[in-house]
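Q: One structure follows; several queries about it will come next.
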Amino acid sequence: MKAGREHRVPLSDRAMEILKATPESERHGLVFTPGAGGRPLTNMAMPILLRRMDLEVTVHGFRSTFRDWAAETTNFPNEVCEMALAHTIPGKAEAAYRRGDLFNKRRKLMEAWAEYCGCKEGKG
Numbered sequence: 043m044k045a046g047r048e049h050r051v052p053l054s055d056r057a058m059e060i061l062k063a064t065p066e067s068e069r070h071g072l073v074f075t076p077g078a079g080g081r082p083l084t085n086m087a088m089p090i091l092l093r094r095m096d097l098e099v100t101v102h103g104f105r106s107t108f109r110d111w112a113a114e115t116t117n118f119p120n121e122v123c124e125m126a127l128a129h130t131i132p133g134k135a136e137a138a139y140r141r142g143d144l145f146n147k148r149r150k151l152m153e154a155w156a157e158y159c160g161c162k163e164g165k166g
């Protein structure tokens, strides 16, 4: 993951429903269908998909949209939003003492994001 650290991602209820509906045999223990030879997808999988779909968007644009939405329309603390994007903690002192990953708070943020994106049963 970015910065060489593990980054756990809390999934929304709708994302979990979709994941549970996908047979494990198709996923090989991974969240997304694996690439060639059953290996995890590369960091180029999304840019390649977007190009094939002939969309003029970028992965960074998705991240930027999420960050703008979180800052402008929610009351989630900045640190929760930044941690959702796997950004590093500024300042050596704070980084040295910050051990948690705010997983439960980030889960609430992801649930709000899923609702904003219209990801409810039958909608997406």
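According to the working numbering, numbering within the sequence shown proceeds without interruption in unit steps and concludes at 166. Just so it is clear, CB atoms sit at the ideal spot from N, CA and C, and this is done for glycine as well. From a predicted model like this one, the values you see are computed outputs, not experimental measurements.
1) Is the beta carbon of Phe-145 sitting closer than 9 Å to the one on Arg-50?
2) Is the CB of Thr-107 under 9 Å away from at least one CB in chain C?
3) Look up Met-88 in the DSSP assignment and say whether it is helix, strand or coil.
4) For Asn-120 and Ala-113, what's the separation of their Cα atoms in angstroms?
5) If you count every other CB in all the chains shown that lies within 10 Å of the CB of Ala-138, and 16 or more means buried, which is it?
6) Is it buried or exposed for Ala-126, if we count other Cβ within 10 angstroms and need 16 for buried?
7) Jot down the residue ranges of each uninterrupted alpha helix (DSSP H) in the segment 85-143, minimum 4 residues, whole runs only, in chain order.
8) DSSP on Glu-48, reduced to helix/strand/coil?
9) Mind checking Leu-97: buried by the 16 CB within 10 Å criterion, or exposed?
10) Reducing DSSP to helix, strand and coil, say where Arg-149 ends up.
11) Quick one: is Leu-91 buried, meaning 16 or more other Cβ sit within 10 Å of its Cβ, or exposed?
A: Taking the geometry as given:
1) As a first step, residue 145 is located in the sequence shown; it is residue number 103 there, counting from the start. As a first step, residue 50 is located in the sequence shown; it is residue number 8 there, counting from the start. Their beta carbons are under 9 Å apart, which means Phe-145 touches Arg-50 by this criterion.
2) Given the protein chain composition of this structure (a single chain), no chain C is represented.
3) Numbered from its first residue, the sequence shown carries residue 88 at position 46. In the structure shown, Met-88 sits in a helix (DSSP, three-state: H, G or I).
4) The residue you call residue 120 lines up with position 78 of the sequence shown. The residue you call residue 113 lines up with position 71 of the sequence shown. CA-to-CA, the gap between Asn-120 and Ala-113 works out to about 7 Å.
5) As a first step, residue 138 must be located in the sequence shown, where it is residue number 96. Counting the other Cβ atoms within 10 Å of the Cβ of Ala-138 gives fewer than 16, which makes it exposed.
6) Locating residue 126 in the sequence shown gives position 84, counting from the first residue. Around the C-beta of Ala-126, 16 or more other C-beta atoms lie within 10 Å, and the residue is accordingly described as buried.
7) Along the segment 85-143, the alpha helix (DSSP H) occurs as fully enclosed runs of 4 or more residues at 87-94, 101-115, 120-126 and 134-139, listed in sequence order.
8) Here the question's residue 48 lines up with position 6 in the sequence shown. Here DSSP, grouped into helix, strand and coil, assigns Glu-48 to coil.
9) Numbered from its first residue, the sequence shown carries residue 97 at position 55. The residue is exposed, with fewer than 16 neighbouring Cβ atoms inside 10 Å.
10) What you label residue 149 is simply residue 107 of the sequence shown in a count that begins at 1. Arg-149: helix per DSSP, three-state reduction.
11) On the sequence shown, residue 91 is found 49 positions in, with the first residue counted as 1. Flag for Leu-91 reads exposed.
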